[in-house]
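Working notes, beginning with the structure itself.
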Amino acid sequence: IVYTSADSVFQIAAHIKTIPLDELYQICQIAFDLIREKNYRIARVIARPFDGENDNFFRLNDKRKDFSIPPPSKTVLDVLYNSNLEVITVGKVAEIFANKSITKSYKISGNENIIRKVIELTRENFEGLVFANLVDFDTIYGHRQDYKGWAKALEQFDNLLPNLIGNLAKDDVLIITADHGNDPTDQSTDHTREDVPIIILGIGYNKCLGIKPSFRFVSFIIQSIFNNKIKDKINIEEFEGEKIW
620 IVYTSADSVF QIAAHIKTIP LDELYQICQI AFDLIREKNY RIARVIARPF DGENDNFFRL
680 NDKRKDFSIP PPSKTVLDVL YNSNLEVITV GKVAEIFANK SITKSYKISG NENIIRKVIE
740 LTRENFEGLV FANLVDFDTI YGHRQDYKGW AKALEQFDNL LPNLIGNLAK DDVLIITADH
800 GNDPTDQSTD HTREDVPIII LGIGYNKCLG IKPSFRFVSF IIQSIFNNKI KDKINIEEFE
860 GEKIW
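For the sequence shown, our numbering assigns the number 620 to the initial residue and increments by one for each residue that follows.
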């Protein structure tokens, strides 16, 4: 089964009893190579294995695999990595960035498992970034229009958040945001176009951010946090001169 969606991804789904997992990955790799060769503007090829019988099919989300085009220009991950800082990803983040400029990657599925891994990482002694993606909000609940499941997932995150905050060191910074909308009460199964939230905790930051013109503000914040410890920063002109702390 081949299908596309509005966010520049090309997805190939197959029943694992018809096309084994390794063969599905190989098919996706071939498709990915062709896309790169033809220079099509497609960001990712996604392998979507599933199992089950008629009327009871289910996705094997932990076996999903993304084949991603490398970012077209320098990212804040490159800046941190080239400055000898840790860049640790949890969830599917590494695959989104084509595994580029990442020091450690934990491919974990499920919001709760991902959050607990982040909490575990806060207890370790390192300097750098932990970048996690709670993909269940998108894949399982948002696209599937499951607003009740989405609400329960948000409540679960809310219940785990105090444990995460309680483990932060005094010089840690927590940023909670989203890369797009995915309203589970909307009538479509695509992403919804809306302003996304950004919440920052740490280093005495206590003012309203207002509405920012681009998602690059998160990169600007991260560069501001590490400031003198990084080299070859990204020039983010729209926020030049803005004081964070």
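Just so it is clear, CB atoms sit at the ideal spot from N, CA and C, and this is done for glycine as well.
Check                                                                                                          : Outcome
The segment 785-794 / the segment 758-767 touching (three or more Cβ pairs under 8 angstroms)                  : no
Opening and closing residue of the beta strand (DSSP E) in which residue 793 lies                              : 793-796
Limits of the beta strand (DSSP E) - the one that residue 668 falls within                                     : 663-672
Distance between residue 687 and residue 675 (C-alpha atoms, nearest Å)                                        : 30 angstroms
Selection from 683, 840 and 816 that minimises the alpha carbon distance to residue 830                        : 816
Counterpart residues of residue 755 in DSSP-defined beta bridges                                               : For residue 755, which the question treats as bridged, DSSP gives no partner whatsoever.
Classification of residue 623 by the beta-carbon crowding that lies within 10 angstroms, buried from 16 upward : exposed
Stretch-stretch touch, CB-based, cutoff 8 angstroms, three pairs: the segment 659-674 with the segment 631-638 : yes
First and last residue of the uninterrupted alpha helix (DSSP H) at residue 640                                : 640-657
Sheet register partners of residue 685 (DSSP bridge)                                                           : 665
With 16 other Cβ atoms within 10 Å as the buried cut-off, status of residue 696                                : buried
Which of helix, strand or coil DSSP assigns to residue 850                                                     : coil
8 angstroms CB neighbourhood of residue 655 in its chain, flanking five on each side removed                   : 688
Cβ neighbour criterion (16 or more within 10 Å) applied to residue 827                                         : exposed
Three-state secondary structure assigned by DSSP to residue 776                                                : helix
Residue 662 to residue 725 span [Cα, whole Å]                                                                  : 22 angstroms
Close beta carbons around residue 693, own chain, < 7 angstroms, minus the five adjacent residues each side    : 853
Candidates 699, 735, 729 and 728: closest to residue 719 by CA position                                        : 699
Nearest neighbour of residue 647, chosen from 658, 659 and 629 [CA to CA]                                      : 629
Pairwise C-alpha distance: residue 862 and residue 836                                                         : 12 angstroms
Test item: CB-CB of residue 748 and residue 841 under 8 angstroms                                              : yes
Residue 786 versus residue 649 - alpha carbon distance                                                         : 44 angstroms
Residue 624 - DSSP class collapsed to helix/strand/coil                                                        : strand
Helix, strand or coil at residue 706 according to DSSP, with G and I counted as helix                          : strand
Cβ-based neighbour list, residue 619, same chain, cut-off 7 angstroms, excluding 5 preceding and 5 following   : The shown model of the chain, from 620 to 864, leaves out residue 619, and the question about it has no answer.
Residue 804 versus residue 773 - alpha carbon distance                                                         : 15 angstroms
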